[in-house]
Structures are given as structure tokens and as C-alpha cells.
Amino acid sequence: MKAICFYFQIHQPFRLKHYRFFDIGNDHYYYDDFADDDIITRIAQRSYLPANQMLLDMIKENGKKFKVAFSISGTALEQLEQYVPEFIDSMKELAATGCVEFLSETYAHSLSSLYDPDEFYAQVKAHDEKIFQLFGQRPKVFRNTELIYDDDIASMVYSMGFKAAITADAKHVLGWRSPNFLYSSASAPKLKLMLKNGKLSDDIAFRFSNPEWASYPLTADKYINWINELPQEEQLVNLFMNYDTFGELQPRESGIFEFMKALPRFAAENDIQFWTPSEVVSKFKPVAELAVPYPMSWTDEARDTSAWLGNTLQQEAVRKLYSIGERVRLCTDRRIKQDWNYLQGSDHFFYMSTKHNDDGSVHSHYSPYDSPYTAFTNYMNVLSDFMTRVEEQYPASIDNEELNSLLLTIRNQEQEIEKLHREVEMMRNNIVKDTTGDFPIDEEPAPEPIPEKKEEKPEPKKPAAKKPAAKKPAAKKPAAAKPAAKKPAAKKPAAKKPTTKK
1 MKAICFYFQI
11 HQPFRLKHYR
21 FFDIGNDHYY
31 YDDFADDDII
41 TRIAQRSYLP
51 ANQMLLDMIK
61 ENGKKFKVAF
71 SISGTALEQL
81 EQYVPEFIDS
91 MKELAATGCV
101 EFLSETYAHS
111 LSSLYDPDEF
121 YAQVKAHDEK
131 IFQLFGQRPK
141 VFRNTELIYD
151 DDIASMVYSM
161 GFKAAITADA
171 KHVLGWRSPN
181 FLYSSASAPK
191 LKLMLKNGKL
201 SDDIAFRFSN
211 PEWASYPLTA
221 DKYINWINEL
231 PQEEQLVNLF
241 MNYDTFGELQ
251 PRESGIFEFM
261 KALPRFAAEN
271 DIQFWTPSEV
281 VSKFKPVAEL
291 AVPYPMSWTD
301 EARDTSAWLG
311 NTLQQEAVRK
321 LYSIGERVRL
331 CTDRRIKQDW
341 NYLQGSDHFF
351 YMSTKHNDDG
361 SVHSHYSPYD
371 SPYTAFTNYM
381 NVLSDFMTRV
391 EEQYPASIDN
401 EELNSLLLTI
411 RNQEQEIEKL
421 HREVEMMRNN
431 IVKDTTGDFP
441 IDEEPAPEPI
451 PEKKEEKPEP
461 KKPAAKKPAA
471 KKPAAKKPAA
481 AKPAAKKPAA
491 KKPAAKKPTT
501 KK
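One point on numbering: in the numbering used here, the residue at position 404 of the sequence shown is 404, and numbering is uninterrupted.
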């Protein structure tokens, strides 16, 4: 028996107006509402609404045996509520069937997991609250922006209470292994990993209506046979695609809706079932751990993060944006908070890509700008004005004396942690000395001095065995270097363990 998981993504980026140098400081509204309204309404009418009705019919016709999962960003939900409220109503009807699961993700479809852990935690929490508010579900499975994932992200995701995450089938990570298994994270072994099957997903999303494709035309029975012919031990197929595949990327005239409606019948004939991600997690066991030291994604041939961070333009824009993250979170201005979310959308940086060949054509196809440099210039003009507003609002949001007190408390906590760390190291060293015979059991060795007092350590009784004189400089170095080394620790997931999930 095999299982298919369908995942559909919806994220609508806010279009920025052509923001010029002389607009800075005068006009603080950065968005092209007419373009946003036109784009999302057109896509909803051609794709989202007909696709929702298609799924609802499939669920009813198959006795609730057809199931799917959705990943919808918080900012996309805001746009849909504003411009296409009937979509929210139809999505609530789908959720009421019990055959639709909503995934967790970042509220702004952002790159915060790579740059700002505090922002990442906050966005995931805000997104899940939005999902619960609209659809009455608490997401249990996590999906990051564009399936971006690595070992550090896994640790953060697990610390938030999620039991599973979905990511890409990057060849440079998988190697000879198949994506059609359930894996676990090397950095958080209890976190299960579901991998997108890129080939079978793209057969529907990109190749379905291409007459030059060798397998054209694609029919439901042919597609199910491909899945059925997979090795018997490969029991899980994750199909992840944009929701506008239906009716937009693949127009209705291509037969994409009829293809989808026929899938459950042929699947049942081959004992293939449709499951939600949570059902997969509860029924399958991981076959191996997957180590991902560097971030991977589902985008471009490289399956890395170069689609958003591959050139100096993108890197500078992202660095500038997240350099003010802490101060924005301290602000209380609602408009600043809202703009902060909208400016984090990953598509802003996607438009700045300077890639060529097939990857480059994909980037230029989706971009509203005539060049990556225009995209960069416009975004940086907007960001410059936004940063000026943050500078103006920040003093009103938190008093300098209060901020200094907060920073002093943090420094004191760091010093206390360091002192405890030294004490633990001293006890460990003493235990080692006692068990190795460097000191008689009834004779306690002299304690190591505290670095701040710069006291000389007494000569041990057996210098040939321990050589403390040679290690003396190493004991003094942490006193001067610790403050700089401790700063990154504030961004480690271990330091923050919000409990947004049960």
C-alpha cells in the first residue's frame, strides 16, 4: 500500500509602487493596491475558487477518502480577505470536511529563519494564530518559506513543538537515497521529515500541458501507474506545488481539472490512498536520519538559497532589512509592524536575481520589473524610507533608560552563566584528577582561580602528568573574549523555546 500527500502553496507578494528618491520622506505608503487587487482577483477567479470547488467535489464523491494540505502565508490571507473574501468562505467549507490540513509557516513568507531567529519564532506564532482564527485548526506540521531547511532550522522548528517538517528533495543532500520515505532530522532526531518528490510534482505543475514533453499527454491512469511502479518499499509520495497550477499555470482548457478528478478512482484500483501530513507522521516510521548542514530549498536547479541570496544586491538588501529587526519588534506603531511584514516577503529578493539560462527565465517571468537592478533600487528606496520611520518612532516606543537597564540585565545574566560554566569546568577537572590518581582521594587539589581576579594558579603536585603551567594562558583568554563570543548565542534556538504547539 502506498500513500500520496498533496500540498498546495498560496503566497501573494505585495507589489511595491515605483518609489522614487523624491518620494522618500513624503509618501509612506509603498504598495500598488490596484496591481494587487487586479492580480489576486484574476488568479482567484481563474484558479483558486474553481480549484476549491473541484477539491470539495472530489472529497464528497470519494467518501472523504481524498485529502489535501494547504500552506497559506498570513500576508496572502490578508490580501484574500480584502480582495476575495469569498475564497475565505470556500476554504472554511473545505476545512469543515475534515479532509484538509493547514500547515504552519512564516506569516510573511520570509527569510527570517536564515537571519533572525526571534523574528522567525514570532512569525510562526502569528501565522498559526491566523490559521486558528479563520479555520479553527492548530497546525501540527511545519513548512518553511520555499521549503528552505537545514539542521539549525530543524532545531528551531522542533523547539516550537512541531513533530514534522516538509522540505525539498535536493540531490546534493539525498545522494542515492529516494525522497519517497519518511526521514528524521540529524539535529533533532524526533523531528520527522517529509520530502517533496520534485519530478512527479513538476510533471503536473509545469509539464502537464507541454506538447513537447515526451510523456504528453498526461492522463490520470498513466500518472497513478508511475506511482504504483515505484519500488514496493517506497510507500510515500509527497506532491508539492503552487495552487495556481490549476487554472493559471495550467489553464482549464488543458484538462487539468478533469485529470485531478480522475486520480482517486485509479488510485483506489491500485490500493493507493490519499493522506494528510499528520496521518503520515502517525503511521510511518523514519528510515534514516538526514543531515543538512547548509540550507536547501525547492527553487532553481541548485536547490539552495541562491534564488534570494545569490548576488551582492540580494545579500545587501536582506542584511539591511534584518539589521533593524530588534528595534521594529520594540515599536508599537501598527503601520510599522504591518510594513515590516510586507517588506519581508521573499519575492522582493527573488526579483533581484541575476541568474541566467533556465533559472533566469523563471525569475524574469515572475518579476514585475524590467531588470534585477530596478527591483533592487526600488526596494532599497522603500527600505530607506521605512528605516527612517523606525528611527523616528523608536525613542517613543522604549525609553533609553529602560533600554540601558534591559541591556545591563542581559550582560549580568551572561556573566552569571559564564561564572557557572567555569565552576562546572573546574569540578569536571577535579573529578578527572581524582579518578586518574593525580591526587590522593583524601587530598583535595587546589581550586582553579577565577580569571577576573587574575590570581596565579598554584603549581600542581605532579607537573609531569598535568602540565598546568602550559595551560595557564588558555584559562585567561575567555575573560576578554567571552562577550563577543556570547552574542550569537542569543539567536540560537536553544536560548528561546516558545511553546506555540502542544
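Even for Gly, the Cβ is constructed at its ideal location relative to N, Cα and C.
- Listed in chain order, the non-local C-beta contacts of D333 below 6 Å within the same chain comprise Q393, local neighbours out to five positions each way being set aside.
- Checking the DSSP bridge columns, you'll see T167 partnered with L195.
- Runs of the beta strand (DSSP E) lying entirely within the segment 308-334 and spanning at least 3 residues: none are present.
- The beta carbon of V318 sits closer than 7 Å to the beta carbons of L111, Y115, L309 and F349 from its chain, once the five residues preceding and following it are set aside; these are given in chain order.
- In this structure, the straight-line span from the alpha carbon of W176 to that of V237 is close to 17 Å.
- Contact annotation: the segment 254-268 does not touch the segment 123-135, with fewer than three C-beta pairs closer than 8 Å.
- About 7 Å separates the beta carbon of T75 from that of Y107, a gap short enough to meet the 8 Å contact definition.
- The bridge partners DSSP lists for M241 are F8.
- Two segments are said to touch when three or more pairs of C-beta atoms, one from each, lie closer than 8 Å; by this definition the segment 239-252 does not touch the segment 175-190.
- Around the beta carbon of F376, a 10 Å sphere encloses 16 or more other beta carbons of the protein chains shown; the residue is thus reported as buried.
- Residue pairing from DSSP places Y183 in a beta bridge opposite L193.
- Only residues of its own chain outside the window of five on either side were considered, and among them K2, N270 and I272 have a CB closer than 8 Å to the CB of N228, listed in chain order.
- Where F70 is concerned, the enclosing beta strand (DSSP E) starts and stops at V68 to I72.
- Inter-segment contact for the segment 351-368 and the segment 321-330 is absent: fewer than three beta-carbon pairs are separated by less than 8 Å.
- Across the structure, N381 and N180 are spaced so that their CA atoms are roughly 45 Å apart.
- A direct Cα-Cα distance of roughly 7 Å separates A69 from P277.
- By the Cβ rule, the segment 255-266 counts as touching the segment 208-228, because three or more pairs are nearer than 8 Å.
- In its chain, beyond the 5 residues on either side, E146 and A307 have a beta carbon closer than 7 Å to the beta carbon of T299.
- For the options F66, L80, E78 and D385, the alpha carbon positioned closest to that of G98 is the one of F66.
- Going by DSSP, R42 is part of the alpha helix (DSSP H) stretching over D33 to I43.
- Within the same chain, no Cβ atom closer than 6 Å to the Cβ of I204 is found once the five residues on either side in sequence are excluded.
- A straight-line Cα-Cα distance of about 17 Å links I72 and L343.
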